[in-house]
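**Q** Below you'll find the structure I mean.
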Amino acid sequence: MRRRAVSLLLGMLLSGVGQPLSAQSTCSSTTSCTVAVTLRLPQPMVVSLALSASSTTIPTLTAQVLSAGFAEVAGPTMVVRANSPYRVSVQSAASTWTYSGSAANPQKPASDLQWSATASGPWVSSATSATLWPTNSLVAPATSGRSLAIFYRSLWSWTANPPGNYSIPVNITLTSP
Amino acid sequence: MKVTRIIATAAMSAVLAGTAQAQALNCTGTTSAGPTNCSVTNTVNVSVPYVASLQVSSATTNLTAPTAANFGASAGVSDANAISLTVKANSSYKVTASAAAATWTGGTNSKSAGDLKLSIDNFSTTSALSTAGVQIASGASATASSNISIGYNVVYNWTTDAPGAYSLAVNYTLTSP
Numbered sequence: 001m002r003r004r005a006v007s008l009l010l011g012m013l014l015s016g017v018g019q020p021l022s023a024q025s026t027c028s029s030t031t032s033c034t035v036a037v038t039l040r041l042p043q044p045m046v047v048s049l050a051l052s053a054s055s056t057t058i059p060t061l062t063a064q065v066l067s068a069g070f071a072e073v074a075g076p077t078m079v080v081r082a083n084s085p086y087r088v089s090v091q092s093a094a095s096t097w098t099y100s101g102s103a104a105n106p107q108k109p110a111s112d113l114q115w116s117a118t119a120s121g122p123w124v125s126s127a128t129s130a131t132l133w134p135t136n137s138l139v140a141p142a143t144s145g146r147s148l149a150i151f152y153r154s155l156w157s158w159t160a161n162p163p164g165n166y167s168i169p170v171n172i173t174l175t176s177p
Numbered sequence: 001m002k003v004t005r006i007i008a009t010a011a012m013s014a015v016l017a018g019t020a021q022a023q024a025l026n027c028t029g030t031t032s033a034g035p036t037n038c039s040v041t042n043t044v045n046v047s048v049p050y051v052a053s054l055q056v057s058s059a060t061t062n063l064t065a066p067t068a069a070n071f072g073a074s075a076g077v078s079d080a081n082a083i084s085l086t087v088k089a090n091s092s093y094k095v096t097a098s099a100a101a102a103t104w105t106g107g108t109n110s111k112s113a114g115d116l117k118l119s120i121d122n123f124s125t126t127s128a129l130s131t132a133g134v135q136i137a138s139g140a141s142a143t144a145s146s147n148i149s150i151g152y153n154v155v156y157n158w159t160t161d162a163p164g165a166y167s168l169a170v171n172y173t174l175t176s177p
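Sequences listed follow chains A and B, in order.
All the letters of the first sequence, read from the start, carry residue numbers 1 to 177 under my numbering.
All the letters of the second sequence, read from the start, carry residue numbers 1 to 177 under my numbering.
Have a look at this one:
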């Protein structure tokens, strides 16, 4: 079975199926004959981004958090693979958090969610797109597996955030080059 | 047989669920020309419960000692701004005060808790204390910091208030919503 598959693949290559070949050449000789064949292999830009979790849960808020004004939590980790220079950017997918609760929707803005590549900041608003990696906002070189992390800081206040459940999606985008 | 079918169905559901999750956590991008990108989404969730905080300025309040003129006088002895409460709440709230016991300790242990009156408006109005509790303040909306200044007024009786040191525990309760 395996031998048959190999034979079929060789046959396709020799017959020009699946791969573009240079203009056909011919040769003839009574003893030996050589024909040069150029194989062209498409090399597309390929990128891959794997996230460790599709959601991040901020621990239930306490009086201490509301008085401090913020809560910090570790987000997912991710692994980037790219065969050309790349960057990873972050932006909220909505301008406001979704809210479900008994109060009127407070329209909590996306800017109340900040992110950072490290647990200690600096913190960047998620309302607009910004580069997570590389930190110089240029591009990082090709990688066979670059691990990255993201941390979230959410902003809270006693008066602007009534009881309820809040949620906001964050898009993490890998762009190459 | 029936059991087997159920297990098989459950296993298939688990596989399908796993496939869906994997798709949500990973992305790939491929292009032969021009930039490529791919995005994954991480949703940030949080539950905000009813949160309230009550801070009292002092755990113990020493009241003004009465004189002979105060005994039998309905005006009693007032201590304005004897204590203050600070309320924080992310929803509506109310504050009640109640006596921890029906009578003061000290003397003949028969001085009624109702001999202590509370006022939050500099004695324009007063509320006699009881073990059942009395509402002294409320807020229709959330507050980042509301200060409640409480004055105490005590009436004294010749026959029930024997010489001695008296004390009465007052419980302040914050309820939200």
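Where a beta carbon is used, it is the ideal one built from N, C-alpha and C, also for glycine.
Please read these numbers as outputs of a predicted model, since none were measured by experiment.
Report the residues of the stretch 71 to 84 of chain A with a CB closer than 7 Å to any CB of chain B, ordered along the chain.
**A** Here the close residues are 75 and 76.
**Q** At a CB-CB cut-off below 8 Å, which residues of chain A make contact with residue 94 of chain B?
**A** None at all; the shortest Cβ gap to chain A is about 16 Å.
**Q** How about residue 68 of chain A: is its C-beta nearer than 8 Å to some C-beta of chain B?
**A** No - not a single Cβ of chain B is within 8 Å of the one on residue 68 of chain A.
**Q** Would you say the stretch 99 to 106 of chain A touches the stretch 128 to 146 of chain A, given that touching needs at least three Cβ pairs under 8 Å?
**A** No, the stretch 99 to 106 of chain A is not in contact with the stretch 128 to 146 of chain A.
**Q** Which whole-angstrom value is the C-beta distance of residue 161 of chain A and residue 81 of chain B, which I expect to be below 8 Å?
**A** About 32 Å separates the two Cβ atoms, so there is no contact after all.
**Q** Quick check: the Cα distance between residue 48 of chain B and residue 72 of chain A, rounded to an integer number of angstroms?
**A** Residue 48 of chain B and residue 72 of chain A: Cα-Cα distance of roughly 14 Å.
**Q** Counting Cβ pairs, one atom from each stretch, are 3 or more of them under 8 Å apart for the stretch 55 to 74 of chain B and the stretch 115 to 127 of chain A?
**A** No: the two stretches stay apart, fewer than three of their Cβ pairs being nearer than 8 Å.
**Q** Under a CB-based cut-off of 8 Å, is residue 73 of chain B close to chain A?
**A** By this cut-off, residue 73 of chain B is not an interface position.
**Q** Output, in sequence order along the chain, the residues in the stretch 31 to 61 of chain B whose CB is closer than 9 Å to any CB in chain A.
**A** Taking 9 Å as the Cβ-Cβ cut-off against chain A, the residues of the stretch 31 to 61 of chain B that qualify are 31, 32, 33, 34, 35, 36, 37, 38, 39, 40, 41, 42, 43, 44, 45, 46, 47, 48, 49, 50, 51, 52 and 53.
**Q** For residue 128 of chain A, which residues in the same chain have their Cβ closer than 7 Å to its Cβ, ignoring the five residues on either side in sequence?
**A** Excluding positions up to five away in sequence, the list reads 91.
**Q** CB-CB under 6 Å to residue 48 of chain A, same chain, minus the five flanking residues each way: which ones, in chain order?
**A** Once the five neighbours on either side are set aside, the close Cβ partners of residue 48 of chain A are 81.
**Q** Determine which residues share a DSSP beta bridge with residue 150 of chain A and list them.
**A** Paired residue(s): none; residue 150 of chain A is not in a bridge.
**Q** Take residue 158 of chain B and list the residues in its own chain whose beta-carbon comes closer than 8 Å to its own, dropping the five residues that flank it on each side.
**A** For residue 158 of chain B, where only same-chain residues beyond five positions count, the Cβ hits under 8 Å are 71 and 72.
**Q** How would you write the range of the beta strand (DSSP E) that residue 120 of chain A sits in, first residue to last?
**A** Element bounds for residue 120 of chain A: n/a, residue is neither H nor E.
**Q** Counting only C-beta atoms, is residue 139 of chain A closer than 8 Å to chain B at any point?
**A** No, no contact with chain B.
**Q** Ignore the nearest five residues each way along the sequence and tell me which others in residue 53 of chain B's own chain have a CB closer than 6 Å to its CB.
**A** Closer than 6 Å at the Cβ level, and outside the excluded window around residue 53 of chain B, lie 88.
**Q** Run the CB neighbour count on residue 164 of chain A, radius 10 Å, all protein chains shown included, and call it buried at 16 or more, exposed below.
**A** Its Cβ being crowded by 16 or more others within 10 Å, residue 164 of chain A is buried.
**Q** In this structure, what does DSSP give as the bridge partners for residue 71 of chain B?
**A** Residue 71 of chain B is bridged to B:156.
**Q** Please check if any C-beta of chain A sits within less than 8 Å of the C-beta of residue 25 of chain B.
**A** Output row for residue 25 of chain B: interface = yes.
**Q** If you follow the beta strand (DSSP E) that residue 65 of chain A is part of, which residue opens it and which one closes it?
**A** Where residue 65 of chain A is concerned, there is no enclosing beta strand (DSSP E), although the alpha helix (DSSP H) it sits in stretches over 63 to 68.
**Q** Please state if the CB of residue 86 of chain B and the CB of residue 147 of chain B are separated by a distance shorter than 8 Å.
**A** Yes, they are a contact pair.
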